[in-house]
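Student: Under full-length UniProt numbering, think of the first position of the sequence shown as 1, with each following residue one higher.
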Amino acid sequence: MDSIGKPNNHVLHEEDAYEKTAYAWSSRKKWILLTVVAFCQTSMNYNAAVYSNAVDQLNEEFGITNARTGMIAFLVAYAFGCELWAPWSEELGRWKVMQVSLLFVNASIIICARAINFPMVIAGRVIGGLSSAGGSVTLGMVADMFTSDDQQYAVLWASLWSCLGAVIGGIAGGPIQQYLTWRWNFEIQFLFGITTQVIHFFIAKESRSTVLLDKEAKRMRKKEGADIYGPNEVKPLRERFHWKEILLTMWRPYQMLIFEPIVLFLSLLSGFADALIFSFFESYGYVFGQWNFTPTQQSLALIPLAASYVLAYLSFFPVVKRHMVRRRKGESMKPESRLWWLLFLVVLLPAGLLGNAFVSTVHWSGVLAFSVLIGMANFAIYFATVDYMVEAYGEYSASATGGNGFARDFLAGMCAVYTGPMYRKLGIRNTTLVLFGLGFLFCIPVYIFYWKGPEIRKGSKFAMELADKKENQANTKQEAIRRERTRGGIVIENGQSREV
1 MDSIGKPNNH
11 VLHEEDAYEK
21 TAYAWSSRKK
31 WILLTVVAFC
41 QTSMNYNAAV
51 YSNAVDQLNE
61 EFGITNARTG
71 MIAFLVAYAF
81 GCELWAPWSE
91 ELGRWKVMQV
101 SLLFVNASII
111 ICARAINFPM
121 VIAGRVIGGL
131 SSAGGSVTLG
141 MVADMFTSDD
151 QQYAVLWASL
161 WSCLGAVIGG
171 IAGGPIQQYL
181 TWRWNFEIQF
191 LFGITTQVIH
201 FFIAKESRST
211 VLLDKEAKRM
221 RKKEGADIYG
231 PNEVKPLRER
241 FHWKEILLTM
251 WRPYQMLIFE
261 PIVLFLSLLS
271 GFADALIFSF
281 FESYGYVFGQ
291 WNFTPTQQSL
301 ALIPLAASYV
311 LAYLSFFPVV
321 KRHMVRRRKG
331 ESMKPESRLW
341 WLLFLVVLLP
351 AGLLGNAFVS
361 TVHWSGVLAF
371 SVLIGMANFA
381 IYFATVDYMV
391 EAYGEYSASA
401 TGGNGFARDF
411 LAGMCAVYTG
421 PMYRKLGIRN
431 TTLVLFGLGF
441 LFCIPVYIFY
451 WKGPEIRKGS
461 KFAMELADKK
471 ENQANTKQEA
481 IRRERTRGGI
491 VIENGQSREV
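Dropping the structure here:
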(Lines of atoms letter the chains of each structure in order from A and count residues from 1; the text may use other names and numbers.)
(Lines give C-alpha, C1' and ligand atoms only; values in the text may rest on other atoms or scores of the structure.)
Protein backbone atom coordinates (compact mmCIF):
# COMPACT_ATOMS: atom_id res chain seq x y z
CA MET A 1 0.00 0.00 0.00
CA ASP A 2 1.16 3.56 -0.66
CA SER A 3 1.08 6.50 1.70
CA ILE A 4 -2.56 7.41 1.06
CA GLY A 5 -3.95 3.91 0.92
CA LYS A 6 -3.88 3.15 -2.81
CA PRO A 7 -2.61 -0.31 -3.76
CA ASN A 8 0.89 -0.12 -5.22
CA ASN A 9 -0.15 -2.05 -8.32
CA HIS A 10 -2.59 0.78 -9.10
CA VAL A 11 0.23 3.32 -9.40
CA LEU A 12 1.38 4.15 -12.91
CA HIS A 13 5.14 3.76 -13.32
CA GLU A 14 7.47 4.57 -16.22
CA GLU A 15 7.64 0.95 -17.35
CA ASP A 16 3.82 0.83 -17.46
CA ALA A 17 3.43 3.85 -19.75
CA TYR A 18 6.83 4.42 -21.33
CA GLU A 19 5.19 5.82 -24.46
CA LYS A 20 3.74 8.67 -22.37
CA THR A 21 7.10 9.82 -21.01
CA ALA A 22 9.54 12.20 -22.65
CA TYR A 23 11.84 9.26 -23.43
CA ALA A 24 9.37 8.22 -26.12
CA TRP A 25 9.15 11.64 -27.77
CA SER A 26 10.27 11.98 -31.36
CA SER A 27 13.76 13.29 -31.99
CA ARG A 28 12.25 16.48 -33.46
CA LYS A 29 10.17 17.18 -30.36
CA LYS A 30 13.14 16.59 -28.07
CA TRP A 31 15.38 18.96 -30.01
CA ILE A 32 12.74 21.67 -30.15
CA LEU A 33 12.65 21.62 -26.35
CA LEU A 34 16.45 21.56 -26.18
CA THR A 35 16.59 24.64 -28.41
CA VAL A 36 14.12 26.51 -26.22
CA VAL A 37 16.18 25.52 -23.19
CA ALA A 38 19.23 26.90 -25.00
CA PHE A 39 17.44 30.27 -25.19
CA CYS A 40 16.85 30.14 -21.44
CA GLN A 41 20.48 29.29 -20.71
CA THR A 42 21.72 32.01 -23.04
CA SER A 43 19.43 34.63 -21.52
CA MET A 44 20.48 33.90 -17.93
CA ASN A 45 24.21 33.82 -18.69
CA TYR A 46 23.87 36.94 -20.84
CA ASN A 47 22.47 38.72 -17.78
CA ALA A 48 25.47 37.62 -15.73
CA ALA A 49 28.05 38.93 -18.21
CA VAL A 50 26.65 42.07 -19.84
CA TYR A 51 26.49 43.86 -16.48
CA SER A 52 30.27 44.28 -16.63
CA ASN A 53 29.80 46.96 -19.29
CA ALA A 54 27.58 49.02 -16.99
CA VAL A 55 30.16 49.21 -14.17
CA ASP A 56 31.87 52.49 -15.17
CA GLN A 57 28.56 54.27 -15.78
CA LEU A 58 27.11 53.03 -12.48
CA ASN A 59 30.19 54.27 -10.63
CA GLU A 60 29.74 57.67 -12.24
CA GLU A 61 25.95 57.78 -11.76
CA PHE A 62 25.98 56.99 -8.04
CA GLY A 63 29.37 58.44 -7.11
CA ILE A 64 30.84 55.08 -6.06
CA THR A 65 33.86 52.95 -6.96
CA ASN A 66 32.55 49.45 -6.22
CA ALA A 67 29.87 48.87 -8.85
CA ARG A 68 31.66 45.68 -9.93
CA THR A 69 30.28 44.05 -6.77
CA GLY A 70 27.10 43.68 -8.80
CA MET A 71 28.91 40.92 -10.73
CA ILE A 72 29.72 39.15 -7.46
CA ALA A 73 26.16 39.61 -6.18
CA PHE A 74 24.62 37.98 -9.23
CA LEU A 75 27.06 35.12 -9.80
CA VAL A 76 27.38 34.03 -6.16
CA ALA A 77 23.60 34.14 -5.80
CA TYR A 78 23.35 32.25 -9.12
CA ALA A 79 25.60 29.52 -7.68
CA PHE A 80 23.08 28.93 -4.89
CA GLY A 81 20.04 29.60 -7.08
CA CYS A 82 20.76 26.64 -9.35
CA GLU A 83 20.52 24.26 -6.41
CA LEU A 84 17.52 26.08 -4.97
CA TRP A 85 15.31 25.40 -8.00
CA ALA A 86 16.36 21.82 -8.80
CA PRO A 87 14.31 19.90 -6.16
CA TRP A 88 11.18 21.92 -6.94
CA SER A 89 11.47 21.05 -10.63
CA GLU A 90 11.62 17.37 -9.68
CA GLU A 91 8.30 17.59 -7.83
CA LEU A 92 6.33 20.30 -9.61
CA GLY A 93 7.66 19.83 -13.13
CA ARG A 94 10.24 21.56 -15.28
CA TRP A 95 7.88 23.83 -17.24
CA LYS A 96 6.26 25.50 -14.23
CA VAL A 97 9.55 26.00 -12.41
CA MET A 98 11.28 27.48 -15.45
CA GLN A 99 8.38 29.88 -16.01
CA VAL A 100 8.48 31.05 -12.39
CA SER A 101 12.26 31.36 -12.59
CA LEU A 102 12.11 33.48 -15.75
CA LEU A 103 9.34 35.63 -14.23
CA PHE A 104 11.42 36.46 -11.16
CA VAL A 105 14.55 37.04 -13.25
CA ASN A 106 12.71 39.53 -15.44
CA ALA A 107 11.24 41.25 -12.38
CA SER A 108 14.74 41.58 -10.90
CA ILE A 109 15.96 43.27 -14.07
CA ILE A 110 13.19 45.87 -13.77
CA ILE A 111 14.40 46.62 -10.23
CA CYS A 112 17.89 47.29 -11.58
CA ALA A 113 16.69 49.32 -14.56
CA ARG A 114 14.60 51.60 -12.34
CA ALA A 115 17.10 51.84 -9.48
CA ILE A 116 17.48 55.23 -7.82
CA ASN A 117 20.53 54.15 -5.79
CA PHE A 118 23.17 51.44 -5.94
CA PRO A 119 21.72 49.24 -3.13
CA MET A 120 18.65 48.82 -5.35
CA VAL A 121 20.93 47.55 -8.13
CA ILE A 122 22.57 45.09 -5.76
CA ALA A 123 19.18 43.92 -4.50
CA GLY A 124 18.02 43.33 -8.06
CA ARG A 125 21.19 41.44 -8.93
CA VAL A 126 20.91 39.16 -5.89
CA ILE A 127 17.27 38.41 -6.67
CA GLY A 128 18.18 37.78 -10.30
CA GLY A 129 20.93 35.35 -9.38
CA LEU A 130 18.80 33.43 -6.89
CA SER A 131 15.94 33.31 -9.40
CA SER A 132 18.05 31.81 -12.20
CA ALA A 133 17.24 28.11 -12.47
CA GLY A 134 20.19 27.57 -14.80
CA GLY A 135 22.03 24.35 -15.51
CA SER A 136 20.53 22.12 -12.83
CA VAL A 137 17.05 22.30 -14.32
CA THR A 138 18.42 22.26 -17.89
CA LEU A 139 20.36 19.05 -17.31
CA GLY A 140 17.30 17.66 -15.55
CA MET A 141 15.33 18.15 -18.77
CA VAL A 142 18.06 16.33 -20.71
CA ALA A 143 17.83 13.42 -18.25
CA ASP A 144 14.02 13.42 -18.70
CA MET A 145 14.38 12.76 -22.43
CA PHE A 146 17.58 10.72 -22.83
CA THR A 147 19.24 7.82 -21.05
CA SER A 148 22.84 8.24 -19.93
CA ASP A 149 23.99 6.20 -22.95
CA ASP A 150 22.41 8.45 -25.58
CA GLN A 151 22.34 11.91 -24.00
CA GLN A 152 25.82 13.10 -24.99
CA TYR A 153 24.70 15.11 -28.03
CA ALA A 154 22.01 16.78 -25.91
CA VAL A 155 24.48 17.62 -23.12
CA LEU A 156 26.87 18.95 -25.79
CA TRP A 157 24.16 21.30 -27.07
CA ALA A 158 23.21 22.52 -23.60
CA SER A 159 26.88 23.05 -22.73
CA LEU A 160 27.49 25.07 -25.88
CA TRP A 161 24.78 27.62 -25.12
CA SER A 162 25.64 27.78 -21.45
CA CYS A 163 29.14 28.87 -22.46
CA LEU A 164 28.06 31.07 -25.38
CA GLY A 165 25.54 33.03 -23.32
CA ALA A 166 28.21 34.81 -21.28
CA VAL A 167 30.33 35.62 -24.35
CA ILE A 168 27.30 36.95 -26.22
CA GLY A 169 26.72 39.23 -23.24
CA GLY A 170 30.31 40.44 -23.45
CA ILE A 171 30.09 41.05 -27.21
CA ALA A 172 26.83 42.99 -26.90
CA GLY A 173 28.01 44.92 -23.87
CA GLY A 174 30.63 47.08 -25.62
CA PRO A 175 28.30 48.91 -28.02
CA ILE A 176 25.73 49.30 -25.23
CA GLN A 177 28.38 50.88 -23.01
CA GLN A 178 29.71 53.13 -25.75
CA TYR A 179 26.46 54.38 -27.27
CA LEU A 180 23.75 54.00 -24.61
CA THR A 181 23.21 54.76 -20.92
CA TRP A 182 23.50 52.15 -18.17
CA ARG A 183 19.73 51.80 -17.88
CA TRP A 184 19.67 50.47 -21.43
CA ASN A 185 22.02 47.71 -20.30
CA PHE A 186 19.23 46.38 -18.07
CA GLU A 187 16.38 47.21 -20.44
CA ILE A 188 17.98 45.13 -23.19
CA GLN A 189 18.41 42.32 -20.66
CA PHE A 190 14.68 42.60 -19.97
CA LEU A 191 13.75 42.53 -23.66
CA PHE A 192 15.86 39.42 -24.14
CA GLY A 193 14.43 37.83 -20.98
CA ILE A 194 10.76 38.51 -21.72
CA THR A 195 11.17 37.25 -25.30
CA THR A 196 12.72 34.07 -23.93
CA GLN A 197 9.89 33.62 -21.44
CA VAL A 198 7.24 34.02 -24.14
CA ILE A 199 9.01 31.50 -26.39
CA HIS A 200 9.27 29.05 -23.49
CA PHE A 201 5.61 29.58 -22.52
CA PHE A 202 4.23 28.74 -25.96
CA ILE A 203 6.73 26.18 -27.28
CA ALA A 204 8.26 24.28 -24.36
CA LYS A 205 6.51 21.16 -23.06
CA GLU A 206 6.62 19.45 -19.68
CA SER A 207 9.23 16.67 -19.67
CA ARG A 208 9.30 15.43 -16.06
CA SER A 209 8.12 11.80 -16.15
CA THR A 210 6.23 11.86 -12.82
CA VAL A 211 4.19 14.86 -13.97
CA LEU A 212 3.45 13.24 -17.33
CA LEU A 213 2.41 10.00 -15.62
CA ASP A 214 0.10 11.92 -13.28
CA LYS A 215 -1.53 13.48 -16.33
CA GLU A 216 -1.93 10.10 -18.04
CA ALA A 217 -3.41 8.52 -14.88
CA LYS A 218 -6.00 11.30 -14.65
CA ARG A 219 -6.89 10.75 -18.32
CA MET A 220 -7.29 7.01 -17.77
CA ARG A 221 -9.60 7.55 -14.79
CA LYS A 222 -11.71 10.07 -16.69
CA LYS A 223 -11.90 8.32 -20.06
CA GLU A 224 -11.61 4.66 -19.12
CA GLY A 225 -12.76 4.59 -15.50
CA ALA A 226 -9.51 2.90 -14.53
CA ASP A 227 -8.45 2.79 -10.89
CA ILE A 228 -4.98 4.18 -11.72
CA TYR A 229 -3.01 6.94 -10.02
CA GLY A 230 0.14 8.84 -10.89
CA PRO A 231 3.36 8.74 -8.80
CA ASN A 232 2.76 12.17 -7.27
CA GLU A 233 -0.95 11.58 -6.69
CA VAL A 234 -0.29 8.83 -4.14
CA LYS A 235 1.96 11.06 -2.02
CA PRO A 236 0.44 13.70 0.24
CA LEU A 237 1.88 17.21 -0.08
CA ARG A 238 3.46 17.02 3.38
CA GLU A 239 5.45 13.99 2.22
CA ARG A 240 6.38 15.38 -1.18
CA PHE A 241 7.58 18.66 0.32
CA HIS A 242 8.94 17.47 3.63
CA TRP A 243 11.48 20.03 4.74
CA LYS A 244 14.04 17.41 5.75
CA GLU A 245 13.95 15.82 2.30
CA ILE A 246 14.24 19.20 0.61
CA LEU A 247 17.20 20.20 2.77
CA LEU A 248 18.84 16.82 2.15
CA THR A 249 18.40 17.23 -1.61
CA MET A 250 19.76 20.77 -1.54
CA TRP A 251 22.69 19.78 0.70
CA ARG A 252 23.82 16.80 -1.41
CA PRO A 253 25.59 18.86 -4.17
CA TYR A 254 27.69 20.59 -1.52
CA GLN A 255 28.29 17.28 0.27
CA MET A 256 29.60 15.74 -2.95
CA LEU A 257 31.65 18.85 -3.72
CA ILE A 258 33.35 18.60 -0.32
CA PHE A 259 33.73 14.83 0.15
CA GLU A 260 33.96 13.39 -3.39
CA PRO A 261 37.50 13.91 -4.83
CA ILE A 262 36.29 13.52 -8.42
CA VAL A 263 33.58 16.15 -7.99
CA LEU A 264 35.84 18.48 -6.00
CA PHE A 265 38.89 18.60 -8.27
CA LEU A 266 37.03 18.54 -11.58
CA SER A 267 34.71 21.27 -10.31
CA LEU A 268 37.70 23.38 -9.26
CA LEU A 269 39.14 23.00 -12.75
CA SER A 270 35.79 23.85 -14.34
CA GLY A 271 35.31 26.82 -12.02
CA PHE A 272 38.81 28.13 -12.68
CA ALA A 273 38.26 27.94 -16.46
CA ASP A 274 34.93 29.75 -16.22
CA ALA A 275 36.39 32.40 -13.91
CA LEU A 276 39.03 33.08 -16.58
CA ILE A 277 36.33 33.87 -19.12
CA PHE A 278 34.54 36.25 -16.77
CA SER A 279 37.85 37.88 -15.85
CA PHE A 280 38.31 38.66 -19.57
CA PHE A 281 35.38 41.08 -19.36
CA GLU A 282 37.53 43.22 -17.04
CA SER A 283 41.08 42.28 -18.02
CA TYR A 284 40.50 43.06 -21.71
CA GLY A 285 40.21 46.69 -20.64
CA TYR A 286 43.80 46.57 -19.36
CA VAL A 287 45.16 44.46 -22.22
CA PHE A 288 43.55 46.19 -25.19
CA GLY A 289 43.79 49.57 -23.50
CA GLN A 290 47.46 49.44 -24.57
CA TRP A 291 46.25 49.97 -28.13
CA ASN A 292 43.44 52.39 -27.19
CA PHE A 293 40.61 50.01 -28.07
CA THR A 294 37.13 51.44 -27.60
CA PRO A 295 34.53 49.46 -25.58
CA THR A 296 33.02 48.24 -28.86
CA GLN A 297 36.40 47.07 -30.15
CA GLN A 298 37.09 45.28 -26.87
CA SER A 299 33.77 43.48 -27.19
CA LEU A 300 34.52 42.43 -30.75
CA ALA A 301 37.76 40.92 -29.46
CA LEU A 302 35.56 38.30 -27.74
CA ILE A 303 34.33 36.92 -31.09
CA PRO A 304 37.29 34.49 -31.40
CA LEU A 305 36.33 33.16 -27.97
CA ALA A 306 32.80 32.47 -29.18
CA ALA A 307 34.21 30.78 -32.30
CA SER A 308 36.43 28.61 -30.10
CA TYR A 309 33.37 27.23 -28.31
CA VAL A 310 31.84 26.19 -31.61
CA LEU A 311 35.11 24.55 -32.71
CA ALA A 312 35.37 22.59 -29.46
CA TYR A 313 31.69 21.64 -29.71
CA LEU A 314 32.18 20.22 -33.21
CA SER A 315 35.38 18.42 -32.21
CA PHE A 316 33.41 16.20 -29.82
CA PHE A 317 31.07 14.86 -32.53
CA PRO A 318 33.34 12.05 -33.82
CA VAL A 319 34.28 11.15 -30.24
CA VAL A 320 30.66 10.86 -29.13
CA LYS A 321 29.75 8.94 -32.29
CA ARG A 322 32.54 6.44 -31.71
CA HIS A 323 31.47 5.89 -28.10
CA MET A 324 27.83 5.35 -29.09
CA VAL A 325 28.78 2.83 -31.77
CA ARG A 326 30.87 0.85 -29.28
CA ARG A 327 28.05 0.82 -26.72
CA ARG A 328 25.52 -0.34 -29.33
CA LYS A 329 27.81 -3.26 -30.10
CA GLY A 330 27.48 -4.27 -26.46
CA GLU A 331 30.96 -3.15 -25.44
CA SER A 332 31.23 -2.21 -21.79
CA MET A 333 32.87 1.19 -21.37
CA LYS A 334 34.14 2.72 -18.15
CA PRO A 335 32.90 6.19 -17.23
CA GLU A 336 36.50 7.41 -17.58
CA SER A 337 36.25 6.91 -21.35
CA ARG A 338 34.26 10.14 -21.41
CA LEU A 339 37.37 12.03 -20.33
CA TRP A 340 39.47 10.76 -23.27
CA TRP A 341 39.17 13.77 -25.59
CA LEU A 342 39.63 16.13 -22.65
CA LEU A 343 43.12 14.67 -22.16
CA PHE A 344 44.12 16.45 -25.37
CA LEU A 345 42.05 19.63 -25.09
CA VAL A 346 42.64 20.48 -21.43
CA VAL A 347 46.31 21.30 -22.12
CA LEU A 348 45.11 24.17 -24.31
CA LEU A 349 44.19 26.04 -21.12
CA PRO A 350 47.71 26.49 -19.71
CA ALA A 351 49.11 26.69 -23.25
CA GLY A 352 46.79 29.58 -24.09
CA LEU A 353 47.63 31.39 -20.86
CA LEU A 354 51.38 30.91 -21.36
CA GLY A 355 51.15 32.20 -24.91
CA ASN A 356 49.11 35.20 -23.77
CA ALA A 357 51.70 36.04 -21.11
CA PHE A 358 54.32 36.68 -23.79
CA VAL A 359 52.24 38.24 -26.58
CA SER A 360 49.80 40.38 -24.56
CA THR A 361 52.24 43.31 -24.51
CA VAL A 362 53.47 42.80 -28.08
CA HIS A 363 50.43 42.78 -30.38
CA TRP A 364 46.70 42.44 -29.87
CA SER A 365 46.32 39.77 -32.59
CA GLY A 366 48.34 37.32 -30.48
CA VAL A 367 45.88 37.75 -27.61
CA LEU A 368 42.99 36.86 -29.92
CA ALA A 369 44.81 33.79 -31.24
CA PHE A 370 45.62 32.37 -27.80
CA SER A 371 42.13 33.16 -26.49
CA VAL A 372 40.88 30.55 -28.97
CA LEU A 373 42.92 27.89 -27.15
CA ILE A 374 41.57 29.00 -23.77
CA GLY A 375 37.99 28.99 -25.05
CA MET A 376 38.27 25.50 -26.55
CA ALA A 377 39.67 24.20 -23.27
CA ASN A 378 36.91 25.89 -21.23
CA PHE A 379 34.15 24.31 -23.30
CA ALA A 380 35.81 20.89 -23.28
CA ILE A 381 36.28 21.04 -19.51
CA TYR A 382 32.65 21.94 -18.88
CA PHE A 383 31.15 19.33 -21.18
CA ALA A 384 33.53 16.46 -20.42
CA THR A 385 33.38 16.86 -16.64
CA VAL A 386 29.57 17.01 -16.67
CA ASP A 387 29.39 14.03 -19.04
CA TYR A 388 31.78 12.02 -16.85
CA MET A 389 29.86 12.79 -13.66
CA VAL A 390 26.54 11.81 -15.28
CA GLU A 391 27.97 8.40 -16.15
CA ALA A 392 29.98 7.89 -12.94
CA TYR A 393 27.26 8.93 -10.47
CA GLY A 394 24.06 7.86 -12.22
CA GLU A 395 21.05 8.80 -10.12
CA TYR A 396 23.29 11.10 -8.05
CA SER A 397 24.57 12.88 -11.16
CA ALA A 398 22.25 15.85 -10.63
CA SER A 399 23.98 16.51 -7.32
CA ALA A 400 27.45 15.92 -8.77
CA THR A 401 26.88 18.26 -11.71
CA GLY A 402 25.18 20.67 -9.32
CA GLY A 403 28.44 20.88 -7.41
CA ASN A 404 30.22 21.53 -10.69
CA GLY A 405 27.79 24.32 -11.59
CA PHE A 406 28.11 25.84 -8.13
CA ALA A 407 31.91 25.99 -8.44
CA ARG A 408 31.72 27.60 -11.90
CA ASP A 409 29.31 30.33 -10.86
CA PHE A 410 30.89 30.98 -7.47
CA LEU A 411 34.46 31.22 -8.75
CA ALA A 412 33.30 33.31 -11.73
CA GLY A 413 31.76 35.73 -9.24
CA MET A 414 34.91 35.82 -7.12
CA CYS A 415 37.05 36.79 -10.12
CA ALA A 416 35.60 40.31 -9.82
CA VAL A 417 37.40 40.57 -6.47
CA TYR A 418 40.93 39.83 -7.66
CA THR A 419 41.11 40.56 -11.41
CA GLY A 420 41.51 44.33 -11.23
CA PRO A 421 43.94 44.41 -8.26
CA MET A 422 46.10 41.66 -9.82
CA TYR A 423 46.45 43.42 -13.17
CA ARG A 424 47.17 46.74 -11.50
CA LYS A 425 49.75 45.42 -9.03
CA LEU A 426 51.46 42.64 -11.01
CA GLY A 427 51.05 43.91 -14.54
CA ILE A 428 49.61 42.06 -17.53
CA ARG A 429 52.44 39.54 -18.11
CA ASN A 430 53.02 38.55 -14.49
CA THR A 431 49.29 38.17 -13.81
CA THR A 432 48.93 35.88 -16.80
CA LEU A 433 51.93 33.83 -15.68
CA VAL A 434 50.32 33.35 -12.25
CA LEU A 435 47.13 32.18 -13.96
CA PHE A 436 49.19 29.85 -16.15
CA GLY A 437 50.72 28.22 -13.06
CA LEU A 438 47.31 27.73 -11.47
CA GLY A 439 45.85 26.40 -14.71
CA PHE A 440 48.67 23.86 -15.05
CA LEU A 441 48.03 22.55 -11.53
CA PHE A 442 44.24 22.37 -11.97
CA CYS A 443 44.65 20.28 -15.14
CA ILE A 444 46.60 17.46 -13.46
CA PRO A 445 43.55 15.72 -11.86
CA VAL A 446 42.08 15.04 -15.33
CA TYR A 447 44.92 12.62 -16.06
CA ILE A 448 44.78 11.09 -12.58
CA PHE A 449 41.05 10.41 -12.85
CA TYR A 450 41.35 9.03 -16.39
CA TRP A 451 43.90 6.41 -15.32
CA LYS A 452 42.94 5.88 -11.67
CA GLY A 453 39.26 6.75 -11.73
CA PRO A 454 37.94 3.21 -11.10
CA GLU A 455 40.10 2.84 -7.97
CA ILE A 456 39.12 6.30 -6.72
CA ARG A 457 35.42 5.59 -7.27
CA LYS A 458 35.71 2.49 -5.09
CA GLY A 459 36.14 4.85 -2.16
CA SER A 460 32.94 6.73 -3.00
CA LYS A 461 29.80 5.60 -1.21
CA PHE A 462 27.67 7.19 -3.94
CA ALA A 463 29.52 5.53 -6.84
CA MET A 464 29.66 2.17 -5.06
CA GLU A 465 25.96 2.26 -4.21
CA LEU A 466 25.25 2.89 -7.89
CA ALA A 467 27.62 0.08 -8.95
CA ASP A 468 25.88 -2.35 -6.58
CA LYS A 469 22.49 -1.40 -8.02
CA LYS A 470 23.77 -1.94 -11.56
CA GLU A 471 25.17 -5.34 -10.58
CA ASN A 472 21.89 -6.36 -8.95
CA GLN A 473 19.96 -5.20 -12.02
CA ALA A 474 22.29 -7.21 -14.26
CA ASN A 475 21.90 -10.31 -12.07
CA THR A 476 18.13 -9.91 -12.07
CA LYS A 477 18.15 -9.61 -15.85
CA GLN A 478 20.32 -12.71 -16.23
CA GLU A 479 18.07 -14.65 -13.88
CA ALA A 480 15.01 -13.63 -15.91
CA ILE A 481 16.76 -14.75 -19.10
CA ARG A 482 17.70 -18.07 -17.50
CA ARG A 483 14.09 -18.68 -16.41
CA GLU A 484 12.86 -17.84 -19.91
CA ARG A 485 15.32 -20.26 -21.47
CA THR A 486 14.47 -23.13 -19.09
CA ARG A 487 10.75 -22.76 -19.67
CA GLY A 488 9.36 -25.99 -21.11
CA GLY A 489 12.14 -28.15 -19.62
CA ILE A 490 14.92 -26.95 -21.90
CA VAL A 491 18.02 -25.10 -20.78
CA ILE A 492 20.50 -23.51 -23.15
CA GLU A 493 24.13 -23.36 -22.11
CA ASN A 494 27.01 -22.24 -24.37
CA GLY A 495 24.78 -22.53 -27.41
CA GLN A 496 23.81 -26.19 -26.61
CA SER A 497 20.36 -27.26 -25.40
CA ARG A 498 19.64 -30.05 -22.97
CA GLU A 499 16.57 -31.36 -21.12
CA VAL A 500 16.19 -30.74 -17.39
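Note that the Cβ used here is the ideal one computed from N, Cα and C, for glycine as well. What you are looking at is a predicted structure, and each value in this text was computed from that prediction instead of being measured.
#1: State the Cα-Cα distance for the pair T210 and W95, rounded to the nearest angstrom.
#2: Who are the near neighbours of D16 in its chain, counting only those whose CB is closer than 7 angstroms to its CB and skipping five residues on each side?
#3: How is the alpha helix (DSSP H) around Q151 delimited, first residue to last?
#4: Expressed to the nearest angstrom, what Euclidean distance is found between the alpha-carbon atoms of M1 and H10?
#5: Is the region 391-401 in contact with the region 121-140, if contact means three or more CB pairs nearer than 8 angstroms?
#6: From which residue to which residue does the alpha helix (DSSP H) around R219 run?
#7: Taking 9 angstroms as the cut-off, decide whether the C-beta atoms of A369 and E282 are in contact.
#8: Going by DSSP, name the residue or residues bridged to Y396.
#9: Got a sec, what are the start and stop residues for the alpha helix (DSSP H) M98 sits in?
#10: By a C-beta neighbour count over all protein chains shown, 10 Å radius and 16 as the cutoff for buried, is N47 buried or exposed?
#11: Do the region 46-65 and the region 199-210 make contact, defined as three or more Cβ pairs closer than 8 angstroms?
#12: Locate the alpha helix (DSSP H) running through H200, then write down its first and last residues.
#13: Along the chain, where does the alpha helix (DSSP H) that runs through S279 open and close?
#14: For V346, which of helix, strand or coil comes out of DSSP?
#15: Rounded to whole angstroms, how far is the Cβ of Q177 from the Cβ of N53, which I believe are closer than 8 angstroms?
#16: Counting only runs of 4+ residues fully inside the region 29-81, write out the alpha helix (DSSP H) ranges in chain order.
#17: Roughly how many angstroms separate the alpha carbons of L248 and Y254, rounded to a whole number?
#18: Kindly indicate which three-state DSSP category V234 falls into: helix, strand or coil?
#19: V362 by DSSP, collapsed to three states: which one?
#20: Taking the alpha-carbon positions, what's the G405 to G271 distance?
Tutor: So, from the data block:
#1: The count along the sequence shown starts at 1 and reaches residue 210 at position 210. The count along the sequence shown starts at 1 and reaches residue 95 at position 95. The alpha-carbon atoms of T210 and W95 are separated by roughly 13 angstroms.
#2: Residue mapping note: residue 16 aligns to position 16 of the sequence shown, counting from 1. The answer is none, since no qualifying residue turns up.
#3: Working through the sequence shown from its first residue, we reach residue 151 at position 151. Neither: Q151 is in no alpha helix (DSSP H) and is coded neither H nor E.
#4: Numbered from its first residue, the sequence shown carries residue 1 at position 1. Numbered from its first residue, the sequence shown carries residue 10 at position 10. Per-residue confidence for M1 stands at a pLDDT of 48, beneath the threshold of 50, marking its modelled position as unreliable; the derived number appears in the next sentence. Approximately 9 angstroms, taken between the alpha carbons.
#5: yes
#6: By one-based count along the sequence shown, residue 219 stands at place 219. Per DSSP, R219 belongs to the alpha helix (DSSP H) from 209-224.
#7: Residue numbering aside, residue 369 sits at position 369 when the sequence shown is read from its first letter. Residue numbering aside, residue 282 sits at position 282 when the sequence shown is read from its first letter. Not a contact, by the Cβ cut-off of 9 angstroms.
#8: Residue 396 sits at position 396 when you count from the first residue of the sequence shown. Answer is none; Y396 lacks a bridge partner.
#9: Stepping through the sequence shown from its first residue, residue 98 is reached at position 98. Note, M98: alpha helix (DSSP H), 94-113.
#10: Your numbering for residue 47 matches position 47 in the sequence shown. Buried: at least 16 other Cβ atoms inside 10 Å.
#11: no
#12: Along the sequence shown, read from residue 1 onward, the residue named residue 200 stands at position 200. Element bounds for H200: 182-203.
#13: Position 279 of the sequence shown, counted from the first residue, corresponds to residue 279. Unbroken alpha helix (DSSP H) run through S279: 261-288.
#14: Counting from one through the sequence shown, the residue named residue 346 turns up at place 346. In this structure, V346 counts as coil in the three-state DSSP scheme.
#15: On the sequence shown, residue 177 is found 177 positions in, with the first residue counted as 1. On the sequence shown, residue 53 is found 53 positions in, with the first residue counted as 1. The Cβ separation is near 4 angstroms, so the contact holds.
#16: 55-62
#17: Position 248 of the sequence shown holds residue 248. Position 254 of the sequence shown holds residue 254. Each residue's Cα considered, the two are about 10 angstroms apart.
#18: The count along the sequence shown starts at 1 and reaches residue 234 at position 234. Of the three classes helix, strand and coil, the one that applies to V234 here is coil, per DSSP.
#19: For the purposes of this step, residue 362 is taken as the residue at position 362 of the sequence shown. Residue state, collapsed to three classes: coil.
#20: Stepping through the sequence shown from its first residue, residue 405 is reached at position 405. Stepping through the sequence shown from its first residue, residue 271 is reached at position 271. When rounded, the distance between both Cα atoms is 8 angstroms.
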